[in-house]
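Visitor:
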Amino acid sequence: MLNKASLNFYRAVLLIPFCVALLMMAAIFFGSNYLHDQSDKNTLLKKIPVSVAGAMRLNVENNTNKLAGLLKVLEGSAIFQDAFVRLDRTALLVASQGLFQRLKADHDVTHWYFMTPERQIFLRVHQPDHFGDIVERKTAIDAQRLNQVSSGVELGERGTFSIRVVLPWRDQQQRLLGYLELGMEVGKSLSNLQDLAGLNLFMLIEKKHLNRVKWEEGMRGLGQVPSWEQFPDVVLVGSTRHIDPRLLHYTRFARGGQTQSSFEVGIDNEWLSFSEVALHDAAGQAVGQWVVVNNFTEKYREQRQFAWQVLTALLVFGGASLLFAKHVVDRVYIRLTQTESERDQFKIKSQLDGLTGLANQVAFYRMLAQNMVHCRVDGGDWQF
4 MLNKASLNFY
14 RAVLLIPFCV
24 ALLMMAAIFF
34 GSNYLHDQSD
44 KNTLLKKIPV
54 SVAGAMRLNV
64 ENNTNKLAGL
74 LKVLEGSAIF
84 QDAFVRLDRT
94 ALLVASQGLF
104 QRLKADHDVT
114 HWYFMTPERQ
124 IFLRVHQPDH
134 FGDIVERKTA
144 IDAQRLNQVS
154 SGVELGERGT
164 FSIRVVLPWR
174 DQQQRLLGYL
184 ELGMEVGKSL
194 SNLQDLAGLN
204 LFMLIEKKHL
214 NRVKWEEGMR
224 GLGQVPSWEQ
234 FPDVVLVGST
244 RHIDPRLLHY
254 TRFARGGQTQ
264 SSFEVGIDNE
274 WLSFSEVALH
284 DAAGQAVGQW
294 VVVNNFTEKY
304 REQRQFAWQV
314 LTALLVFGGA
324 SLLFAKHVVD
334 RVYIRLTQTE
344 SERDQFKIKS
354 QLDGLTGLAN
364 QVAFYRMLAQ
374 NMVHCRVDGG
384 DWQF
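If you read the sequence shown in the numbering used here, its first letter stands for residue 4, the second for the next number, and so on.
1) Going by DSSP in three states, serine 80 sits in which element: helix, strand or coil?
2) Please say whether leucine 170 and aspartate 284 have beta carbons closer to each other than 8 Å?
3) How many whole angstroms separate the CB atoms of leucine 207 and valine 237, which I take to be in contact at a CB cut-off of 8 Å?
4) Would DSSP call proline 131 helix, strand or coil?
5) Quick check on glutamine 233: does DSSP put it in helix, strand or coil?
6) Taking its Cβ as the centre, do 16 or more other Cβ atoms sit within 10 Å of glutamine 147, making it buried, or is it exposed?
7) Can you grab the Cα-Cα spacing for the pair glycine 224 / glutamate 188, in whole Å?
8) Taking the alpha carbon of serine 154 as the point to measure from, which residue in Phe21, Ala286 and Gly34 has its own alpha carbon closest?
9) Using 8 Å as the threshold, is the C-beta distance between leucine 73 and alanine 86 below it?
10) Using the three-state DSSP reduction, which class does glycine 159 fall into: helix, strand or coil?
11) What do you get for lysine 107, buried or exposed, if any count of 16 or more other CB atoms within 10 angstroms of its CB means buried?
12) Indicate the three-state DSSP secondary structure (helix, strand or coil) for asparagine 150 in the structure shown.
13) Thinking just about the alpha-carbon of each residue, which of Val23, Phe21, Pro20 and Met28 is nearest to the one in leucine 314?
14) Considering only the alpha carbon of each residue, which of Gln177, Lys141 and Trp311 lies closest to serine 165?
15) With arginine 161 and lysine 217 assumed to form a contact (beta carbons below 8 Å), what rounded beta-carbon distance in angstroms separates them?
16) For glutamine 151, I'd like the list of residues in its chain whose CB is within less than 8 Å of its CB, leaving aside the five on either flank, ordered along the chain.
17) For glycine 287, name the three-state secondary structure that DSSP assigns.
18) Cβ of alanine 146 less than 8 Å from any chain D Cβ?
19) Excluding five sequence neighbours on each side, which residues of the same chain lie with their C-beta closer than 8 Å to the C-beta of valine 228?
20) For glutamate 78, tell me which candidate among His133, Tyr116 and Asn65 has the shortest Cα-Cα distance.
21) For threonine 67, is the classification buried or exposed, using 16 other Cβ atoms within 10 angstroms of its Cβ as the cut-off for buried?
22) If you draw a straight line from the alpha carbon of valine 76 to that of aspartate 174, how long is it in whole angstroms?
23) Quick check on methionine 375: buried or exposed, where buried means 16 or more other Cβ atoms within 10 Å of its Cβ?
24) Short of 6 Å in beta carbon distance, which residues of its chain neighbour glycine 291, apart from the five on each side in sequence? Order them along the chain.
25) Quick one: using the 10 Å Cβ neighbour count with 16 as the cut-off for buried, is threonine 93 buried or exposed?
26) Whole-angstrom Cβ separation of glycine 181 and arginine 167, contact assumed at under 8 Å?
27) Check whether the Cβ atoms of isoleucine 124 and valine 138 lie closer than 8 Å to each other.
28) Report the option in Arg304, Glu305 and Ser278 whose CA atom is closest to the CA atom of asparagine 297.
29) Can you tell me whether leucine 25 is helix, strand or coil according to DSSP?
30) Which one or two residues does DSSP pair with alanine 281 in a beta bridge?
31) For a test of the three-state rule: what should DSSP assign to proline 20, helix, strand or coil?
32) Taking its Cβ as the centre, do 16 or more other Cβ atoms sit within 10 Å of asparagine 214, making it buried, or is it exposed?
33) Tell me the rounded alpha-carbon separation between valine 53 and lysine 69.
34) Go ahead and pull the three-state DSSP assignment for asparagine 214.
35) Looking at the secondary structure, which residues open and close the alpha helix (DSSP H) in which glycine 186 lies?
36) Assuming leucine 207 is part of the beta strand (DSSP E), what are its boundary residues?
Dropping the structure here:
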């Protein structure tokens, strides 16, 4: 006869595999969803260097064309030519200073040079007190060597990383007067890069390429506050938006030379990914890094919210299914118990006379046969 132990046994046999199946389904779902999200994120991180390089290339190209167009307008100025030929630095500064402020405000021009045919600085309009040095940058050398417009992104003497365009400057008789150069600090155009690539960018220059005194002078000349001691091996020279400088301590340089090129970190309830892209000048020399920051906080929040929704649905569905399965098992148990009881009662009734309640003919003949066998084998008496 079935009992409580039997019920518990049937429950265990049927419900435990059911629960295991639900857990496996949940594990497979969350595992596959996690792997899919990780794959999407890794794909994005792999695309970052390509995106940054493409955005940088397009940004440099657009700004180079703009600076070259401005130089074409400036080279024809008779006022500039006259002051330059007379070697009147003061007159040249007076003539160019107002225009430089407009170029700076309207076109983000940060550097303007007048150079002699020997590439000697006659006037820095943006820093008029510094002149007389020979420019050894590749763009100026190429303009002199090739006798044509030269451009590129270069690290200047004062540590400013700038887009530079150098134009051979000639008079109306095509005699070489010298060279004109316009420059745009890359940090000034980072907002364009953010618009093009949709990324938050921070530019770091390695200190080994810089002279601290000249770099700090250059930063002040650009209206920025120099912060040489902010990081051990690099300086921050530009960014697309304000960010807590502590975050940049997670870069490879600031973390003691580790070589991990991209990584994630949780800071103040935010999840940020950092990717590092080498920064090269016009000569192909690596001078620093782009640090690309992606904020995955909202994405992770949406993933967690979705996971909780799915988990809640699984718990509701699983709980309801479990209760239903338990109900089915219990009903089956009750039905089996009733069937067993009915079978026993029918067996008893089948051996009794319905009127007298005594053994019927079937029971009498069965007992007769049993007694005959008993007497024959054991020699015992008849028993009824």
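Idealized CB from N, CA, C, for every residue including glycine.
Guide: Taking the structure as given:
1) coil
2) no
3) 4 Å
4) coil
5) helix
6) buried
7) 12 Å
8) Ala286
9) no
10) coil
11) buried
12) coil
13) Met28
14) Lys141
15) 5 Å
16) Pro171
17) coil
18) Absent from the structure is chain D; it holds one protein chain and no more.
19) Met222
20) Tyr116
21) buried
22) 13 Å
23) exposed
24) Leu207, Ile208, Glu209 and Leu282
25) exposed
26) The Cβ separation is near 16 Å, so there is no contact.
27) yes
28) Ser278
29) helix
30) Gln292
31) helix
32) exposed
33) 24 Å
34) coil
35) Not the alpha helix (DSSP H): glycine 186 falls in the beta strand (DSSP E), residues 179-188.
36) 203-209
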